[in-house]
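Each position in the sequence shown, counted from 1, maps to that position plus 3 in this note's numbering.
Positions of the beta carbon are idealized from the N, C-alpha and C atoms, including for glycine.
What follows is a set of notes on a single structure, which appears directly below.
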Amino acid sequence: MFGVLVCEDSKTGQSVTLKSFAGKICGKWVIDGWAPPLCGGPPEEIPSFAVFVEAVSKLTKKMEAQQAEGILKDAERTRTERSQMSREALVELSSHVRATNFRGENAALAEIHLRPNYVPVGTGDCCATKLIALAAAQGLRPKGIAEFFLGKRTRAGTRVEDSKFYDSCEARCQPVLGFMLCGLESSDATKNGELNRGASSIPSLGVIQNEREAGLALVRVNGFAMQRLSEALRDDPELARVAVSQCGYALRWASDRLRADPEIVSLAVSQSAGALRYASRELRNDPEVLVNFIKLGTTERVAEKRRASPKRMPP
Numbered sequence: 004m005f006g007v008l009v010c011e012d013s014k015t016g017q018s019v020t021l022k023s024f025a026g027k028i029c030g031k032w033v034i035d036g037w038a039p040p041l042c043g044g045p046p047e048e049i050p051s052f053a054v055f056v057e058a059v060s061k062l063t064k065k066m067e068a069q070q071a072e073g074i075l076k077d078a079e080r081t082r083t084e085r086s087q088m089s090r091e092a093l094v095e096l097s098s099h100v101r102a103t104n105f106r107g108e109n110a111a112l113a114e115i116h117l118r119p120n121y122v123p124v125g126t127g128d129c130c131a132t133k134l135i136a137l138a139a140a141q142g143l144r145p146k147g148i149a150e151f152f153l154g155k156r157t158r159a160g161t162r163v164e165d166s167k168f169y170d171s172c173e174a175r176c177q178p179v180l181g182f183m184l185c186g187l188e189s190s191d192a193t194k195n196g197e198l199n200r201g202a203s204s205i206p207s208l209g210v211i212q213n214e215r216e217a218g219l220a221l222v223r224v225n226g227f228a229m230q231r232l233s234e235a236l237r238d239d240p241e242l243a244r245v246a247v248s249q250c251g252y253a254l255r256w257a258s259d260r261l262r263a264d265p266e267i268v269s270l271a272v273s274q275s276a277g278a279l280r281y282a283s284r285e286l287r288n289d290p291e292v293l294v295n296f297i298k299l300g301t302t303e304r305v306a307e308k309r310r311a312s313p314k315r316m317p318p
């Protein structure tokens, strides 16, 4: 996968084009002129991660030897041990792979990923994350971005086609791009809609405009992204409605003012009955309002049970 990001130099106003590739190319992590990995170089050069890599390699050889000797139960136990070691290796790596946003804030992927207990393999290796990180580091303002696949399918059979554009992946890129885009402020160009509206690798962000639009795009995909947003955005009524409509429990991270808003709380409870616990004390102490919320929650629970129960064929 290859990516291109068109930027504007904030000092000179000149257009700057950045390019990147996903993962490695020709067996190399770093190539002059291309956006580098978020860890700055080959991951294998991180000492603590290299220890895990060596341990996983030894367990793999041990498992293969046991399989060859027909000791299948021992091989299965070794496989389980290797899987656990691999997960620990990924956690270690994600603590060293760091991203910088447009506010100048720097954090490890394990801290900013929307699912910190499960950071998928390859997070941070995609084109979009590498390009956004490089733009932030160089003080460039992103204007338009696109990713495309070029070449044959991978051995894993990835569902991509040669010379076609693709969005950023939901599991790896989108959960960290919210943090990485923080700090972008709208300009006259964005207000007038003068940005490149070509193929984009960021769904709902065909154009990178400002922090609020980035936040809206994220909560449409995952309401839990609310917890990663700034205090001002967590007090934005429109953004809160979108977040709780996607996941009612997002109410937990709304501002005190919005958790006391009957409309927003109703949306949250109708989506997730348990979200009622995050409503303001005043609303939970109002008998009339509370009855309405309970009715909404009960309706949601019944609907959930119907969705979960197996469908029966008519007699």
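Q | C-alpha gap between residue 145 and residue 12, whole angstroms | A | Looking at the two C-alpha atoms, the distance is approximately 9 Å.
Q | residue 250 to residue 230 span [Cα, whole Å] | A | Within the model, the alpha-carbon separation for residue 250 versus residue 230 is close to 12 Å.
Q) From this set, 67, 88, 86, which residue's C-alpha is nearest residue 78's C-alpha? A) Nearest of 67, 88, 86 to residue 78, Cα basis: 67.
Q | Distance, residue 149 Cα to residue 208 Cα | A | In this predicted model, residue 208 has a pLDDT of only 37, less than 50, meaning its place in the structure is not dependable enough to derive any value.
Q. Beta-carbon separation of residue 21 and residue 138 under 8 Å?
A. Here residue 21 is near residue 138, since their CB atoms are less than 8 Å apart.
**Q.** Coil, strand or helix - residue 34 by DSSP
**A.** In the displayed model, residue 34 falls within coil according to three-state DSSP, outside both helix and strand.
(Q) Tell me which residue opens and which closes the beta strand (DSSP E) that residue 23 is part of. (A) Taken as a continuous stretch (DSSP letters only), the beta strand (DSSP E) holding residue 23 covers 18 to 24.
Q: Only counting runs of 3 or more residues, tell me where the beta strand (DSSP E) segments fall wholly within the region 48 to 108, in order along the chain.
A: As far as the region 48 to 108 is concerned, its whole beta strand (DSSP E) runs of at least 3 residues are 101 to 103.
Q | the region 236 to 247 in contact with the region 260 to 267 per 3-pair CB rule at 8 Å | A | The region 236 to 247, when compared against the region 260 to 267, does touch it at the 8 Å Cβ threshold.
Q: Reducing DSSP to helix, strand and coil, say where residue 12 ends up.
A: Strand at residue 12.
Q: Could you spell out the range, first to last residue, of the alpha helix (DSSP H) harbouring residue 147?
A: No alpha helix (DSSP H) contains residue 147, which is instead part of the beta strand (DSSP E) from 143 to 152.
Q: Taking residue 182 as part of the alpha helix (DSSP H), name the residues at either end of that continuous run.
A: 177 to 183 is the span of the alpha helix (DSSP H), which, as asked, contains residue 182.
Q.
So if DSSP puts residue 7 in a beta bridge, which residue, or which two residues, is it bridged to?
A. Beta bridge pairing from DSSP links residue 7 with 22, 149.
Q) Beta carbon of residue 131, beta carbon of residue 6: below 8 Å? A) Yes, these two residues count as a Cβ contact at 8 Å.
Q: Could you pull out every residue in the same chain whose Cβ sits closer than 6 Å to the Cβ of residue 129, ignoring the five residues on either side in sequence?
A: If we look at residue 129 and ignore the five residues flanking it on each side, its Cβ neighbours are 25, 175, 176.
Q: Work out the CA separation of residue 135 and residue 8 for me, nearest whole Å.
A: Looking at the two C-alpha atoms, the distance is approximately 8 Å.
Q) Which ranges does the alpha helix (DSSP H) cover as unbroken runs of at least 4 residues, wholly within the region 238 to 301, from first to last along the chain? A) Correct list: 240 to 249, 265 to 274, 284 to 287.
Q: Please check the pair residue 329 and residue 215, which I expect to be a contact at CB under 8 Å, by giving their CB distance rounded to whole angstroms.
A: Absent from the structure is residue 329, since the part of the chain shown begins at 4 and ends at 318.
Q: Can you check DSSP and say which residues form a bridge with residue 168?
A: Under DSSP, residue 168 shares a beta bridge with 151.
Q: Under 8 Å by Cβ, that's how I've got residue 180 and residue 127 pegged, so tell me the actual separation to the nearest angstrom.
A: About 11 Å; that fails the 8 Å criterion.
Q | Residue from 226, 233, 292, 238 whose Cα sits closest to the Cα of residue 275 | A | Looking at the Cα atoms, 226 is the closest of the given residues.
Q) Short check: CB of residue 247 to CB of residue 232, under 8 Å? A) Not a contact, by the Cβ cut-off of 8 Å.
Q: Specify, as a first and last residue, the run of the alpha helix (DSSP H) that residue 132 falls within.
A: Run containing residue 132: 130 to 140, per the alpha helix (DSSP H) assignment.
Q | C-alpha gap between residue 266 and residue 288, whole angstroms | A | When rounded, the distance between both Cα atoms is 16 Å.
Q: Please classify residue 235: does DSSP put it in a helix, a strand, or coil?
A: Note: residue 235 maps to coil in three-state DSSP.
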